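Step one of this worksheet: look at the structure below.
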Amino acid sequence: MTICERFAHQVDAYELGMLDAAARQAVDAHLAACAACRGLLAEVRSADAAARAALAWAEPSPAFAPRVAARARRRIILGRLAVASGIAAVVAVAVCVVLSRAPRTPTAVKLAAPEKRELIVEPQGSAGSLVAGEAYDAYGLPAGRLVPGRLYAAAEPAALSVDPGSLLLVARGSQFTPATTPGRSGPGVSILSGGVVGQVGSRGKELAIELAPELGGAVVRTRGCEFYSYGFPAHRLAAGMPFPAGSLALWPEEIGVHVFSGHLDLDLGTQKLALGAGDSAVIAGGVSAGTADSIGKHIGQLHDALGTELIEQRDLYARLRNDYAHRLLELRSASRQDGLPHLQERLELVDELLRDHSAALSRLEAAHPEFFELDAAVAEERRLNELHDEADHALERFVALLDNAR
Amino acid sequence: MEACSGGEHSVPTDGELVRQARAGSERGFELLVRRYQGIVSARAYAVLHDRADAEDAAQDAFLRVFRALGQLREPEAFGPWLLQTVTNVARRALSRRARQPMALPDVGAVDHRQGHPEVFDAVAALPEGYQQVIHLHYSQGCSCEEIARLLGLQVGSVTSRLTRARQMLRRILSEDKHR
Numbered sequence: 000m001t002i003c004e005r006f007a008h009q010v011d012a013y014e015l016g017m018l019d020a021a022a023r024q025a026v027d028a029h030l031a032a033c034a035a036c037r038g039l040l041a042e043v044r045s046a047d048a049a050a051r052a053a054l055a056w057a058e059p060s061p062a063f064a065p066r067v068a069a070r071a072r073r074r075i076i077l078g079r080l081a082v083a084s085g086i087a088a089v090v091a092v093a094v095c096v097v098l099s100r101a102p103r104t105p106t107a108v109k110l111a112a113p114e115k116r117e118l119i120v121e122p123q124g125s126a127g128s129l130v131a132g133e134a135y136d137a138y139g140l141p142a143g144r145l146v147p148g149r150l151y152a153a154a155e156p157a158a159l160s161v162d163p164g165s166l167l168l169v170a171r172g173s174q175f176t177p178a179t180t181p182g183r184s185g186p187g188v189s190i191l192s193g194g195v196v197g198q199v200g201s202r203g204k205e206l207a208i209e210l211a212p213e214l215g216g217a218v219v220r221t222r223g224c225e226f227y228s229y230g231f232p233a234h235r236l237a238a239g240m241p242f243p244a245g246s247l248a249l250w251p252e253e254i255g256v257h258v259f260s261g262h263l264d265l266d267l268g269t270q271k272l273a274l275g276a277g278d279s280a281v282i283a284g285g286v287s288a289g290t291a292d293s294i295g296k297h298i299g300q301l302h303d304a305l306g307t308e309l310i311e312q313r314d315l316y317a318r319l320r321n322d323y324a325h326r327l328l329e330l331r332s333a334s335r336q337d338g339l340p341h342l343q344e345r346l347e348l349v350d351e352l353l354r355d356h357s358a359a360l361s362r363l364e365a366a367h368p369e370f371f372e373l374d375a376a377v378a379e380e381r382r383l384n385e386l387h388d389e390a391d392h393a394l395e396r397f398v399a400l401l402d403n404a405r
Numbered sequence: 000m001e002a003c004s005g006g007e008h009s010v011p012t013d014g015e016l017v018r019q020a021r022a023g024s025e026r027g028f029e030l031l032v033r034r035y036q037g038i039v040s041a042r043a044y045a046v047l048h049d050r051a052d053a054e055d056a057a058q059d060a061f062l063r064v065f066r067a068l069g070q071l072r073e074p075e076a077f078g079p080w081l082l083q084t085v086t087n088v089a090r091r092a093l094s095r096r097a098r099q100p101m102a103l104p105d106v107g108a109v110d111h112r113q114g115h116p117e118v119f120d121a122v123a124a125l126p127e128g129y130q131q132v133i134h135l136h137y138s139q140g141c142s143c144e145e146i147a148r149l150l151g152l153q154v155g156s157v158t159s160r161l162t163r164a165r166q167m168l169r170r171i172l173s174e175d176k177h178r
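Here the protein sequences come in this chain order: A and B. Mapping of the first sequence onto numbering that gives the first Met the number 0: position 223 corresponds to residue 222, and the numbering continues sequentially without gaps. Mapping of the second sequence onto numbering that gives the first Met the number 0: position 163 corresponds to residue 162, and the numbering continues sequentially without gaps.
This is how it looks when you write it as C-alpha cells:
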C-alpha cells in the first residue's frame with residue numbers, strides 16, 4: 000500500500016482526531032509534500048462543510064423546555080398525591096374512572112344504507128354544502144366527516160363544505176345545497192366539471208370504487224369491508240386487507256364499518272350482527288388490546304418486521320401523492336390558470352405523476368399488510384395516551400379543588 | 000447542543016438528574032430536557048424531515064420517558080434510552096402521517112431541505128445506524144466518545160461506524176454530482 004493509499008484510508012480518522020500523535024505527525028508530513036492528498040483532504044472538508052450546513056439543527060424554540068416541564072408537572076402532582084395518605088385512594092379512583100370510560104361491552108347498530116351507490120356528475124361545478132349522503136375524493140377514498148351509510152338529517156349543519164373545482168364526488172341519493180341557490184337540494188352532484196367519472200358499486204368480489212382514468216384518481220379495490228372512525232377512514236382494514244379474526248380487540252371506542260362486498264359476521268359476545276354487501280354499522284365499545292406499554296412493544300415488533308426503509312418509502316409515496324393532488328387541484332382552479340403557459344402539458348404531467356404514486360402506494364401497502372396492523376396499533380396507543388392526558392388534566396383540576404378547599 | 004458540549008465536573012450527571020426527577024424535582028427534569036432537547040429534536044427531524052412534526056415528537060418522547068422514569072434501571076443510561084424512545088415516537092408519527100387521508104400540504108410551508116436537498120437525500124440513503132451517527136456528528140457536533148455515550152455503544156464501534164458512514168455519504172454525493 001502506498002502512502003497515498005494509506006492516507007485515503009486514514010483521512011476520516013485524521014479529521015475525527017482519532018489518530019495517535021505519531022500517526023498524525025506522519026500524515027501531516029505527507030500532506031506537506033503531496034498535492035494529491037491535500038486535494039483529497041480539501042474534498043473531504045468540503046463535503047463535511049456541506050453536510051454540516053445542511054444538517055445543522057437550530058435548537059427548538061425557547062418555550063420548548065418550559066412547555067415540556069409544565070406537562071410533566073401534572074405527573075409530578077400525581078406522584079405527590081399518590082404518596083399522600085388518604086388521597087391516594089381518591090386519585091386511584093379518579094384515574095380508573097377516566098381510563099375505564101370506554102364501555103367494555105361492544106354493541107353494534109346497523110345503519111340504513113343509501114339506496115344506490117352511484118357517482119354522477121353535473122356539467123357545471125359549483126360551491127356548496129353537502130348535507131346528506133356520502134362523498135369521495137379523487138382516489139375513491141371517502142372524504143372526511145361523512146360516514147358512508149349514515150343519513151344526515153336536513154337540520155344538521157352542513158357535513159361538508161366544498162369549493163368549486165374540488166375533486167369531490169358525491170354519491171347518488173346524497174343531498175347537495177349549492178351556495179348560489181340556498182335551499183335547493185337535489186340528487187348527487189360532482190363538483191368537478193366534465194363527463195361521467197366513475198361508479199361506486201360492486202363488481203365481483205373486489206371492486207369497491209373505480210374512478211375513470213381521466214380523473215387522475217387511483218383505482219381503489221377493497222376486499223371484505225372498510226372501516227371508519229368518526230367519519231375518517233380507519234385504515235386498520237383498508238383497501239386490499241382481508242378481515243382478520245380477533246381484530247375487534249384493537250378497535251377504539253366507536254368505529255363505523257361498511258361492507259362493500261361479501262359479508263361480515265360480527266360476534267360481539269352479547270350481540271351478533273350479520274352484515275351483507277352494502278350494509279353499514281356503527282360499533283361502540285371496542286376494547287383495548289392492552290396497556291400503552293404492551294401496544295408500544297407490539298408497534299416496535301411491527302416496525303422491526305417492516306423495516307425503516309419500507310416505512311419511509313410508504314411515507315414518501317403518501318407525501319408525493321398528496322403533493323401532486325394538491326398541485327392538480329391548484330392547476331384545475333380557474334383563478335390559477337390565467338396566463339399560465341403550457342397548462343395542458345402541466346396538467347397531464349401532474350396527473351400522470353399522481354396516478355403513478357397513488358398506484359405505487361397501493362401496491363406497497365397491499366404487499367405488506369403489516370402496515371394496517373401497525374396503523375391500528377398506533378391509533379390505539381394514541382387513544383390510550385390521550386386518556387392518560389385526560390387523567391392528568393382531571394387530576395390537576397382535582398388538586399386545584401383541594402388547594403382551594405384548604 | 001448541550002448533550003454534546005462536554006462535561007465540566009460541576010455539572011450534575013444524567014443519573015443525578017434522573018434521581019432528582021424521580022424524587023419529584025421539576026427542576027431536575029427540566030435540566031434533562033434542556034440538556035437533550037437539541038439532540039432529541041434532531042433525531043426526530045432525521046426521521047420526519049419536518050421541523051414542526053419533529054418538535055412534537057420530541058415533546059412526546061420527553062413525556063413518555065418522564066412517565067416511565069421509575070422503570071429505568073440504570074439512571075446513567077438515560078441518554079441511550081431517550082434516543083431510542085424518540086426514534087420510536089418519530090417512526091410512529093411517520094406511520095400516522097403516511098395514513099392521513101388527503102392531508103394536503105400547507106401551500107406556504109417551507110421546505111427545510113431547501114438549499115441542501117441532495118445532502119438530505121444522501122443521508123436518507125444510508126443504513127439507519129449510520130444515519131444516527133451522521134446526524135449526531137454533523138447536526139450536534141458530537142465527538143465519537145459523546146456519540147458512544149448517547150447510543151450506549153463502544154467508542155471503537157462508533158468510530159468505525161462514523162468513518163464508514165462518512166465515506167458512504169461522500170460517495171453518494173459524488174455519484175449524484177456526476178449523474
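Cβ atoms here follow ideal geometry from the backbone N, Cα and C, with glycine treated the same way. Just so we're clear, the structure is a prediction, and the values are computed from it rather than from any experiment.
Proximal residues to residue i (C-beta, below 7 Å), its chain only, five neighbours per side dropped
{"i": "residue 323 of chain A", "result": "349, 352, 353 and 356"}
{"i": "residue 312 of chain A", "result": "363"}
{"i": "residue 372 of chain A", "result": "301"}
{"i": "residue 151 of chain B", "result": "76 and 79"}
{"i": "residue 23 of chain B", "result": "none"}
{"i": "residue 160 of chain B", "result": "128, 129 and 132"}
{"i": "residue 56 of chain B", "result": "43, 47, 85, 88, 89 and 92"}
{"i": "residue 12 of chain A", "result": "18"}
Neighbourhood of residue i by C-beta distance below 6 Å, restricted to the same chain and skipping five residues each side
{"i": "residue 124 of chain B", "result": "171"}
{"i": "residue 31 of chain B", "result": "16"}
{"i": "residue 100 of chain A", "result": "Reliability of the predicted coordinates at residue 100 of chain A is poor, the pLDDT of 38 falling under 50, and the value obtained from them is presented with this limitation in mind. Once the five neighbours on either side are set aside, residue 100 of chain A has no close Cβ partner at all."}
{"i": "residue 154 of chain B", "result": "143, 144 and 147"}
Three-state secondary structure assigned by DSSP to residue i
{"i": "residue 168 of chain B", "result": "helix"}
{"i": "residue 273 of chain A", "result": "strand"}
{"i": "residue 42 of chain A", "result": "helix"}
{"i": "residue 94 of chain B", "result": "helix"}
{"i": "residue 307 of chain A", "result": "helix"}
{"i": "residue 348 of chain A", "result": "helix"}
{"i": "residue 60 of chain A", "result": "coil"}
{"i": "residue 153 of chain B", "result": "coil"}
{"i": "residue 166 of chain A", "result": "Low per-residue confidence applies at residue 166 of chain A: pLDDT is 47, beneath 50, and the placement is therefore not dependable, though the value from the model is reported in the following sentence. If DSSP states are grouped into helix, strand and coil, residue 166 of chain A belongs with coil."}
{"i": "residue 66 of chain A", "result": "helix"}
{"i": "residue 368 of chain A", "result": "coil"}
{"i": "residue 3 of chain A", "result": "helix"}
{"i": "residue 33 of chain A", "result": "coil"}
{"i": "residue 73 of chain B", "result": "coil"}
Counted within 10 angstroms of its Cβ, other Cβ atoms place residue i as buried (16 or more) or exposed
{"i": "residue 54 of chain B", "result": "buried"}
{"i": "residue 16 of chain A", "result": "exposed"}
{"i": "residue 119 of chain A", "result": "For residue 119 of chain A, the predicted structure reports a pLDDT of 41, less than 50, and the residue's modelled location is therefore unreliable. A value from the coordinates is still provided. Residue 119 of chain A is buried by the Cβ-count criterion."}
{"i": "residue 162 of chain B", "result": "buried"}
{"i": "residue 86 of chain B", "result": "buried"}
{"i": "residue 10 of chain B", "result": "exposed"}
{"i": "residue 147 of chain B", "result": "buried"}
{"i": "residue 306 of chain A", "result": "exposed"}
{"i": "residue 36 of chain B", "result": "buried"}
{"i": "residue 174 of chain B", "result": "exposed"}
{"i": "residue 314 of chain A", "result": "buried"}
{"i": "residue 158 of chain B", "result": "buried"}
{"i": "residue 3 of chain A", "result": "exposed"}
{"i": "residue 205 of chain B", "result": "A query on residue 205 of chain B cannot be resolved here, the shown segment of chain B reaching from 0 to 178 and no further."}
{"i": "residue 45 of chain A", "result": "exposed"}
{"i": "residue 94 of chain B", "result": "buried"}
{"i": "residue 27 of chain B", "result": "buried"}
{"i": "residue 60 of chain A", "result": "exposed"}
{"i": "residue 341 of chain A", "result": "exposed"}
Neighbourhood of residue i by C-beta distance below 8 Å, restricted to the same chain and skipping five residues each side
{"i": "residue 122 of chain B", "result": "45, 130, 133, 134 and 168"}
{"i": "residue 317 of chain A", "result": "360"}
{"i": "residue 43 of chain A", "result": "10, 11 and 14"}
{"i": "residue 69 of chain B", "result": "21"}
Checklist entry - Is the number of C-beta pairs between the region 41 to 59 of chain B and the region 71 to 90 of chain B that are closer than 8 Å three or more? => result The region 41 to 59 of chain B is in contact with the region 71 to 90 of chain B.
Checklist entry - Should the region 55 to 75 of chain B be called in touch with the region 57 to 71 of chain A, which here means at least 3 C-beta pairs below 8 Å? => result Short answer: they touch.
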